[in-house]
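Shown next, in structure tokens, is the structure this report addresses.
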Amino acid sequence: MKNTGTIKYYLAAIVAFSIWGTFSLVLRPLTAYSSLDILFYRVFSCAVIMTVISVLFRRQELNKSFVLLKSLSGVLQRKIIVLNIGAAIFLTINWFSFIYVMNHINVRATSVAYLICPVITTILAFFLLRERLNSAQWLAVLLSFAGCILLSYSNITNMFYSGIIGFSYACYLISQNKNAGFDKFTTLNVHILLSAIFLLPFYPFHSGPIPTQAHFYVFVEMIAIVYTILALYLNLYALEGISSSKVGMLLNINPVIAFILSIWVYHESLAAIPILAYSMIFLAVIVFNSEGLLAIIRNKFL
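Residue numbers (my numbering): 89 to 390.
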């Protein structure tokens with residue numbers, strides 16, 4: 089029954105990462121705009137939407153989170169505050185680097201980033217969170233790492249950009265595993281508000297002319313609501329029921345979808361080595377989650 093109960097957390101992670109896999113469909117139409125402008129409007133829009141929802145419709149959950157924070161010792165309060173400030177910083181770095189690489193490098197470089205991320209997340213979870221890995225899971229980590237090495241041979245510069253995206257999001261995932269007990273929507277609201285506060289001083293000096301085209305705002309709101317608020321909420325919800333390392337490995341769904349789109353939609357060139365590398369990483373996802381998936385199948389169908 090315990091394994092059956094985790095299905096909803098697996099589904100939350102799968103839906104979140106499937107949404108992110110299609111990010112290029114709403115981000116590439118905005119290539120005419122600077123990465124910073126897209127980031128500014130994305131974050132500010134998310135901050136307003138989530139704060140309005142929290143104040144008008146989720147006041148009870150908001151109060152519970154404040155009461156929980158006040159009930160903690162001074163040391164734990166400071167730890168939680170530092171964790172959330174750090175999470176907001178990592179999230180802001182991740183968003184800017186992702187937008188820049190997607191619109192000014194290529195789609196495949198962003199997919200590589202989220203192939204690297206699970207390996208980094210799993211290793212960080214092992215050392216920082218003391219999450220235990222069995223032999224099959226270590227094999228999956230090695231397979232993923234080998235696939236990433238193969239991908240790096242094709243373009244080391246792209247691998248550098250991918251590393252920034254992957255590392256920043258891995259750090260965000262790890263920080264949130266330690267942020268247990270608080271309402272996830274409220275937690276995400278705090279992160280985005282902090283991100284907006286960090287970015288606000290840069291807006292007057294680094295923003296371009298105010299966009300006048302309607303399609304800019306349509307795509308930005310889609311990014312804000314579906315690709316930011318919904319997907320991140322599902323991601324944080326998944327962390328309530330499954331480990332950071334498992335969430336990290338399921339994250340590979342994102343780059344596999346992005347990889348397919350880069351070929352079929354954006355017609356980016358493809359060689360034999362990337363095909364081999366992506367196949368190895370896809371196999372690694374199955375191997376890493378094999379024990380949990382088999383347990384769910386046994387409980388559900390046998």
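The C-beta atom is built at its ideal place from N, Cα and C for all residues, glycine as well.
Here the structure is a predicted model, which is why all the values come from computation and not from measurement.
Buried/exposed call for residue i, threshold 16 Cβ in 10 Å
i, result
"Leu203", "buried"
"Thr300", "exposed"
"Ala359", "exposed"
"His355", "exposed"
"Ala372", "buried"
"Arg218", "exposed"
"Lys158", "exposed"
"Tyr97", "buried"
"Gln148", "exposed"
"Phe215", "exposed"
"Tyr241", "exposed"
"Ala312", "buried"
"Ile244", "exposed"
"Ile361", "exposed"
"Ala268", "exposed"
Where residue i sits in the DSSP three-state scheme
i, result
"Asp271", "coil"
"Ile311", "helix"
"Leu216", "helix"
"Ser159", "helix"
"Gln301", "coil"
"Arg146", "coil"
"Phe111", "coil"
"Val353", "coil"
"Ala100", "helix"
"Lys152", "helix"
"Thr316", "helix"
"Lys266", "coil"
"Thr94", "coil"
"Met89", "With a pLDDT of only 45 at Met89, under the threshold of 50, the placement of this residue in the model should not be trusted; the figure read from the coordinates follows. It is coil, neither helix nor strand."
Separation of residue j from residue i, as counted between CA atoms
i, j, result
"Phe105", "Phe111", "10 angstroms"
"Asp125", "Asn222", "44 angstroms"
"Arg146", "Asp271", "10 angstroms"
"Phe370", "Asn151", "42 angstroms"
"Asn340", "Ile102", "10 angstroms"
"Ala284", "Met310", "18 angstroms"
"Ile298", "Ala100", "36 angstroms"
"Pro206", "Val335", "8 angstroms"
"Leu160", "Ser378", "38 angstroms"
"Asn182", "Ile173", "14 angstroms"
"Ala302", "Leu164", "46 angstroms"
"Val136", "Ile168", "23 angstroms"
"Val170", "Ile177", "11 angstroms"
"Asn342", "His192", "19 angstroms"
"Ile141", "Cys134", "11 angstroms"
"Phe155", "Ile107", "Reading off the sequence shown, one finds Val at residue 155, where the question assumed Phe. Rounded to whole angstroms, Val155 to Ile107 spans 33 angstroms at the Cα level."
"Phe273", "Arg130", "17 angstroms"
Proximity of residue i and residue j at Cβ, strictly below 7 angstroms
i, j, result
"Gly235", "Met368", "yes"
"Ala201", "Ser250", "yes"
"Phe347", "Ser185", "no"
"Leu179", "Gln264", "no"
"Ile187", "Phe255", "no"
"Phe128", "Ser295", "yes"
"Tyr260", "Ala120", "no"
"Arg220", "Ser350", "no"
"Thr413", "Ile262", "This structure cannot speak to residue 413, because the chain is shown only from 89 to 390."
"Leu276", "Tyr321", "yes"
"Ala454", "Val375", "Since the first and last residues shown for the chain are 89 and 390, residue 454 lies out of range."
"Leu287", "Met190", "no"
"Ser123", "Ala213", "no"
"Leu365", "Leu239", "Leu is not the amino acid found at residue 365; the sequence shown has Ala there. Yes, these two residues count as a Cβ contact at 7 angstroms."
Expected contact under 8 angstroms - CB spacing of residue i and residue j to nearest Å
i, j, result
"Phe304", "Leu118", "7 angstroms"
"Ile345", "Gly109", "3 angstroms"
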